[in-house]
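Peer 1:
Number of protein chains: 2
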Amino acid sequence: MSDTYEPFMAKVAELADIGHAEGMLSWDQETYMPPKGAAMRARAQGTLAGLHHERLTAPELVGLVKDLKGQDLTGDAAVNVREVGRSQDRALKIPKELVVELSQTESLSHEAWIAAREKADFAHFQPWLEKILKLKKEVAERVGYEGTIYNALLDEYEPYTRAEDIEPVFAALKDKLVPLVEKIAATGKFPARGVLDQDFPVAEQEELGRQVLEDLGFDLEAGRLDVAVHPFCSGTSRDDVRLTTRYSADWLPGSLFGTIHEAGHGLYEQGLPEDAVATPAGGSVSLGIHESQSRLWENMVGRSRAFSTHYLPRLKALFPTQLQNVNLDEFYAAVNQVEPSLIRVEADEVTYNLHILLRFELERDLFEGRVEVKDLPSVWNERMQQYLGVCPPDDAQGVLQDVHWSFGLMGYFPTYTLGNLYGAQFFHQAQQELPDLEGQIGRGEFGGLKTWLNDKVHNRGSRLRASELVEEVTGEKLSADYFTNYLEAKFGALYNL
Amino acid sequence: MSDTYEPFMAKVAELADIGHAEGMLSWDQETYMPPKGAAMRARAQGTLAGLHHERLTAPELVGLVKDLKGQDLTGDAAVNVREVGRSQDRALKIPKELVVELSQTESLSHEAWIAAREKADFAHFQPWLEKILKLKKEVAERVGYEGTIYNALLDEYEPYTRAEDIEPVFAALKDKLVPLVEKIAATGKFPARGVLDQDFPVAEQEELGRQVLEDLGFDLEAGRLDVAVHPFCSGTSRDDVRLTTRYSADWLPGSLFGTIHEAGHGLYEQGLPEDAVATPAGGSVSLGIHESQSRLWENMVGRSRAFSTHYLPRLKALFPTQLQNVNLDEFYAAVNQVEPSLIRVEADEVTYNLHILLRFELERDLFEGRVEVKDLPSVWNERMQQYLGVCPPDDAQGVLQDVHWSFGLMGYFPTYTLGNLYGAQFFHQAQQELPDLEGQIGRGEFGGLKTWLNDKVHNRGSRLRASELVEEVTGEKLSADYFTNYLEAKFGALYNL
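Going down the list, the sequences are from chains A and B. Everything in the first sequence is counted per numbering that gives the first Met the number 0, starting at 0 for the first residue and increasing by one. Everything in the second sequence is counted per numbering that gives the first Met the number 0, starting at 0 for the first residue and increasing by one.
1) Using Cβ-Cβ distances below 7 Å, what residues of the stretch 228-241 of chain A are close to chain B?
2) Just the C-alpha distance for lysine 65 of chain B and aspartate 27 of chain A, rounded to the nearest angstrom, thanks.
3) Which residues of chain B have a Cβ atom closer than 9 Å to the Cβ of leucine 212 of chain A, listed in chain order?
4) Could you pull the start and end residues of the alpha helix (DSSP H) that valine 201 of chain B belongs to?
5) I'd like the list of long-range same chain contacts for aspartate 120 of chain B, defined as Cβ closer than 7 Å, with 5 residues on each side in sequence excluded.
6) Under 6 Å Cβ to Cβ from isoleucine 148 of chain B, same chain only, skipping five residues before and after it: list those, please.
7) For cysteine 232 of chain A, write down the residues that DSSP places opposite it in a beta bridge.
8) In chain B, what lies closer than 9 Å to proline 33 of chain A by C-beta?
9) My guess is that glycine 253 of chain A and leucine 295 of chain A are in contact by the Cβ rule of under 8 Å, so how many angstroms apart are they, rounded?
10) Mapping DSSP to helix, strand and coil, what is leucine 132 of chain B?
11) Taking the alpha-carbon of glutamine 269 of chain B as reference, which of B/His457, B/Leu341, B/Asp174, B/Val177 has the nearest alpha-carbon?
12) Tell me whether isoleucine 17 of chain A is buried or exposed, calling it buried when 16 or more other Cβ atoms sit within 10 Å of its Cβ.
13) Can you tell me the Cβ-Cβ gap for glutamine 385 of chain A and phenylalanine 189 of chain A, rounded? I've got them flagged as a contact below 8 Å.
14) Only counting the same chain, and skipping five residues up and downstream in sequence, which positions put a Cβ closer than 8 Å to that of leucine 498 of chain B?
15) Let's test the definition: count the other Cβ atoms within 10 Å of the Cβ of histidine 19 of chain A and tell me whether it reaches 16, buried, or not, exposed.
16) Taking only beta-carbon atoms, is methionine 23 of chain B less than 8 Å away from chain A?
17) From leucine 24 of chain B to methionine 39 of chain A, what distance separates their C-alpha atoms?
18) Near isoleucine 93 of chain A, what residues of its chain come up, given a Cβ to Cβ distance below 8 Å and the 5 sequence neighbours on each side ignored?
19) Within 8 Å (strictly less), CB to CB, does leucine 60 of chain A reach chain B?
20) Using only the alpha-carbon positions, how far apart do threonine 235 of chain A and glycine 22 of chain A sit?
21) Tell me the DSSP secondary structure of aspartate 225 of chain B in three-state form.
22) Under 8 Å Cβ-Cβ, which residues of chain B neighbour glycine 36 of chain A?
23) Drop a sphere of 10 angstroms on the beta-carbon of valine 344 of chain A, count the other beta-carbons inside from all chains shown, and report buried for 16 or more, exposed for fewer.
24) Please classify asparagine 495 of chain A: is it buried, with 16 or more other beta-carbons within 10 angstroms of its beta-carbon, or exposed?
25) Just to confirm before moving on: does the CB-CB distance between glutamine 210 of chain A and arginine 313 of chain A stay below 8 Å?
26) Please compile the residues from chain A whose C-beta is within a distance smaller than 8 Å of the C-beta of methionine 39 of chain B.
27) Judging by CA-CA distance, which residue of B/Leu176, B/Asp393, B/Phe445, B/Glu145 is the nearest neighbour of alanine 162 of chain B?
28) When burial is assigned at 16 or more other CB atoms within 10 Å of the CB, is valine 99 of chain A buried or exposed?
29) If you count every other CB in all the chains shown that lies within 10 Å of the CB of glycine 497 of chain B, and 16 or more means buried, which is it?
30) Here's the rule: buried if 16 or more other CB atoms are within 10 angstroms of the residue's CB, otherwise exposed. What is isoleucine 183 of chain A?
31) Would DSSP call glycine 301 of chain A helix, strand or coil?
32) To the nearest whole angstrom, what separates the beta carbons of histidine 123 of chain A and alanine 115 of chain A, a pair I think is in contact under 8 Å?
33) So, for alanine 479 of chain A: in the same chain, excluding its five sequence neighbours on each side, which residues have a beta-carbon less than 8 Å away from its beta-carbon?
34) Can you round the beta-carbon distance between valine 389 of chain B and leucine 179 of chain B to whole angstroms, since I take them to be within the 8 Å contact cut?
35) For threonine 46 of chain A, go through chain B and note every residue whose CB falls closer than 9 Å to its CB, in chain order.
36) Tell me, please, whether the stretch 32-51 of chain A touches the stretch 6-17 of chain B by the rule of three or more beta-carbon pairs shorter than 8 Å.
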């Protein structure tokens, strides 16, 4: 190994450790921080972000990367140098003044968004969104891109993926989803009503969450489950993975499938390669691949008939009065109710991706100049009507519902749909290679699937790019077919289509 | 103001923010971190400590301090420059490699101590303690000292205080304590037995803790109470103060007085000057002054007859079966039972300081070369017999009982006894200036005392040194008399001496 690689990796370790602190401070902010701590926490996070940027772009590390790039590296060394080089390159292209202005604008814009959503008043948020859009365009121009300007944004969350490549896949998805949603909506069946519209005490939901984490193989010696208003999975390394969930006494699926979803993220993190901990090669591939793991466990496992078979008796033990008269068919149908609705985060598996496709299209329209910010509410409402057959009565339930844009998270939404597609393609492959998979799930045995995912996905770190990983694991490029076939089979049966 | 002061304070803010991250990571390690997270946490803490050291000793800040020291500064500016100069001077003398090695050793040593204490196996901890001692001696030699080498350690926790100055005060204390403990032990009275030897459900103890925090005026919008194996108070600023406690179902006073103790620390932190937040001038004076606040609230308030008068009825409401037949005299006597025992943190107010004096002497013996680490268990047990008339049956109940040395906290113990002495001297003064104090406590009104402490102690930050503060608030130098007079009066009456 080259004699510049060791000092390079020492710098990489330092960056990872600063990231460790930033991650812990964020986790604490969302879980345990008392309200008055917010101002000083924001200041400390700003200082850590500045330190991280300073170390990443320090001349010494720039020199090390340049030197190593000229060498013929292989394996993890090649991945680490490539990825640190990418981040460094991006960081060097954005002047500090722009970072500061963006960060301040995002903070103020977030406050404006909260007020605007509260009053369902888009006009209050509009000038802020315009400013964010302008600054993000400036970032994109400075960072550079091939093809559409949108690729500069997408690349931050789904590296090496271009809008032009995913567009035909998303188009195929939409072509199947819109008629499927129409057919299901036309049946007028709402199987969850009555079955799940009851009170489920939070203490028992917590007990259920602990059981599920244990069954799925999430290691609680190397992680935790806490409560957060907006659930997430974060962590500082594979040895310390923090899941969060939330409990509503009147909506059991929220915590049950929410916990399974976050556990899917957590199993990915805990399964990352031990020999490359806290290095780019040992990290996750992309947000889309991350989401494939959470959605696979949440929907393809958690919302399967086999899972209900195993869990319904245990749920009846925890919630005897609520579920005593509910049979397997009723329960399975109830947790798979499809209903076109206004709010993305409450959407079922069938309608969910139409919410995302709408946002992806609007983001591209904004960046490519086909839509102006002031016209967003009307375009939003039109397309909701077109894709889902529903129309928001106000902008709080429409264009103002998501936090993302107020924080400058643009180019992030498509990773949710990519996750669903990757997840279905992986799961289909797992079914081929594990012929008894459904039987195992029905017996509450999740070790086979977990080990398969560990080997095929988790333990590879980011040594392959997302598109390479999908092709290597499944033998094919990304396709919408696995997901749409899965939906048509499952919901065709459930709704007698 | 000089035009170098603003850039100086920007650097000070950055140091405070790195300290914020270090503090949060430590808090998390003691409260919520899963066990497997320890190794990466140790590494991250090492990196942060290294960064802190690097920024503190950076040529630019060294130049700013040198420049400002040459100016005629007053007020907070003078304090900030003096204190940053002190830390910088100390840090410049310790090479970065030593700081990092110490920090990593402390983290790992702490894990070894946990295992050693669990198995009552000193041999498992011995090599770690030897390594820590070696590193701390190296630190002391590099930092330099006047008088005993021990002063280099003490100065870190109780700045500007020398072992030679406190020794005569501690000697006067020991002269009074040993015979007082003997006299009380000779009575053979154990009033807690029966009264407190019952089960007190943890849920009600938690409720009691919340009530007490509210009554004392601890702001839960600017702080929290969590559970830790070894309770402490930490925090990142006056706006985010973290208390911890622990609950034993079979020992009510543990959580009750433990929570009051930590609340005393917390009230100090929350009372620090708002206009000097996250600066040296706005910080606490010393560990001894900090401990004066916790012990004052825990013992002089919490274990007073007046406090029992107010709280016994409320305790009876929470624990009706356990306390229904207990009267005020019995309860007050029970929470003030004196019994020479093995464990420092469970010791009563009379015997407590003998535990500390023993540790203070052993630390000096270790550093001054009169005792070796391997001999600690036997020397410990001998002196326990001599001072308290009891002998540990194993090292878990002896030399392994305290967390401090595992974290490299040496020179720290004497601050506990200093705290008891400062606390008694402050409380005596409060009684002079607040004639109705006992009446207020008896009515559950703690605002008068809190405000007095806010004005006299908390809100002054570290603008005065410990010895100056004691003299300014009480009109006298530190003396053991206030504490021993308090003990003799209180326990003379309780035990009919």
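C-beta: ideal position from N, C-alpha, C; glycine also.
Peer 2: Let's see:
1) From the stretch 228-241 of chain A, only Thr235, Ser236, Asp238, Asp239 have a Cβ closer than 7 Å to chain B.
2) By 1-based counting over the second sequence, the position of residue 65 of chain B is 66. By 1-based counting over the first sequence, the position of residue 27 of chain A is 28. Looking at the two C-alpha atoms, the distance is approximately 38 Å.
3) One-based indexing of the first sequence puts residue 212 of chain A at position 213. Per Cβ cutoff of 9 Å: no residues; leucine 212 of chain A is ~12 Å from chain B at best.
4) Along the second sequence, one-based indexing puts residue 201 of chain B at 202. Unbroken alpha helix (DSSP H) run through valine 201 of chain B: 201-215.
5) Reading the second sequence from its first residue, position 121 is the one you call residue 120 of chain B. Nothing listed; no residue qualifies.
6) For the purposes of this step, residue 148 of chain B is taken as the residue at position 149 of the second sequence. Only Ala139, Phe366 meet the Cβ criterion.
7) The sequence position of residue 232 of chain A within the first sequence is 233, counting from 1. Per DSSP, A/Leu242.
8) Start at 1 with the first residue of the first sequence, and residue 33 of chain A comes out as number 34. Going along chain B in sequence order, the residues near proline 33 of chain A (Cβ under 9 Å) are Asp218, Leu219, Glu220, Ala221, Gly222, Arg223, Asp238, Asp239, Val240, Arg241.
9) To locate residue 253 of chain A, count along the first sequence from 1; it is residue 254. To locate residue 295 of chain A, count along the first sequence from 1; it is residue 296. With a Cβ gap of about 19 Å, glycine 253 of chain A and leucine 295 of chain A do not count as contacting.
10) Working through the second sequence from its first residue, we reach residue 132 of chain B at position 133. The DSSP-derived three-state label of leucine 132 of chain B is helix.
11) For this step, residue 269 of chain B is matched to residue 270 along the second sequence. The candidate whose alpha carbon is nearest that of glutamine 269 of chain B is B/His457.
12) Within the first sequence, numbered from 1, the residue matching residue 17 of chain A stands at position 18. The residue is buried, with at least 16 neighbouring Cβ atoms inside 10 Å.
13) Indexing the first sequence from 1 puts residue 385 of chain A at position 386. Indexing the first sequence from 1 puts residue 189 of chain A at position 190. Their Cβ separation, rounded to whole angstroms, is 23 Å, which puts glutamine 385 of chain A and phenylalanine 189 of chain A out of contact at 8 Å.
14) Here chain B covers residues 0 to 496 and nothing more, so residue 498 of chain B does not appear.
15) Here residue 19 of chain A is taken as the residue at index 20 of the first sequence, counted from 1. It is buried - the Cβ of histidine 19 of chain A has at least 16 other Cβ atoms within 10 Å.
16) The residue labelled residue 23 of chain B in the question sits at position 24 within the second sequence. So yes, methionine 23 of chain B belongs to the interface.
17) Position 25 of the second sequence, counted from the first residue, corresponds to residue 24 of chain B. Position 40 of the first sequence, counted from the first residue, corresponds to residue 39 of chain A. Leucine 24 of chain B and methionine 39 of chain A have their C-alpha atoms some 16 Å from each other.
18) Along the first sequence, one-based indexing puts residue 93 of chain A at 94. Here the set comprises Val138, Arg141, Val142.
19) Numbered from its first residue, the first sequence carries residue 60 of chain A at position 61. No, its Cβ sits nowhere closer than 8 Å to a Cβ of chain B.
20) In the first sequence, residue 235 of chain A corresponds to position 236, counting from 1. In the first sequence, residue 22 of chain A corresponds to position 23, counting from 1. Taking the CA atoms as reference points, threonine 235 of chain A sits about 6 Å from glycine 22 of chain A.
21) Here the question's residue 225 of chain B lines up with position 226 in the second sequence. Three-state DSSP puts aspartate 225 of chain B in a strand.
22) In the first sequence, the residue the question calls residue 36 of chain A occupies position 37. Those within 8 Å of glycine 36 of chain A in chain B are Ala221, Thr235, Ser236, Asp238, Asp239.
23) The residue labelled residue 344 of chain A in the question sits at position 345 within the first sequence. Exposed is the call here.
24) What you label residue 495 of chain A is simply residue 496 of the first sequence in a count that begins at 1. Its Cβ having fewer than 16 others within 10 Å, asparagine 495 of chain A is exposed.
25) Within the first sequence, the letter at position 211 stands for residue 210 of chain A. Within the first sequence, the letter at position 314 stands for residue 313 of chain A. Cβ distance < 8 Å, so glutamine 210 of chain A and arginine 313 of chain A count as in contact.
26) As a first step, residue 39 of chain B is located in the second sequence; it is residue number 40 there, counting from the start. Those within 8 Å of methionine 39 of chain B in chain A are His19, Thr235, Ser236, Asp238, Asp239, Val276, Ala277.
27) On the second sequence, residue 162 of chain B is found 163 positions in, with the first residue counted as 1. Minimum Cα distance to alanine 162 of chain B is reached at B/Glu145.
28) Locating residue 99 of chain A in the first sequence gives position 100, counting from the first residue. Valine 99 of chain A comes out exposed.
29) Residue 497 of chain B lies beyond the range of chain B shown here (0 to 496); nothing can be said about it.
30) Position 184 of the first sequence, counted from the start, is the residue given in the question as residue 183 of chain A. Answer is buried; the Cβ neighbour count reaches 16.
31) The count along the first sequence starts at 1 and reaches residue 301 of chain A at position 302. Residue state, collapsed to three classes: coil.
32) The residue you call residue 123 of chain A lines up with position 124 of the first sequence. The residue you call residue 115 of chain A lines up with position 116 of the first sequence. Confirmed, Cβ separation roughly 4 Å.
33) Translated into positions along the first sequence, residue 479 of chain A becomes position 480. Answer for alanine 479 of chain A: Val168, Phe169, Ala171, Leu172, Lys175, Leu420, listed in chain order.
34) The residue given as residue 389 of chain B occupies position 390 in the second sequence. The residue given as residue 179 of chain B occupies position 180 in the second sequence. The pair is not a contact, with the Cβ atoms about 16 Å apart (cut-off 8 Å).
35) Here the question's residue 46 of chain A lines up with position 47 in the first sequence. By Cβ distance, chain B contributes Ala12, Glu13, Ala15, Asp16, Ile17, His19, Ala20.
36) Segments in contact, yes.
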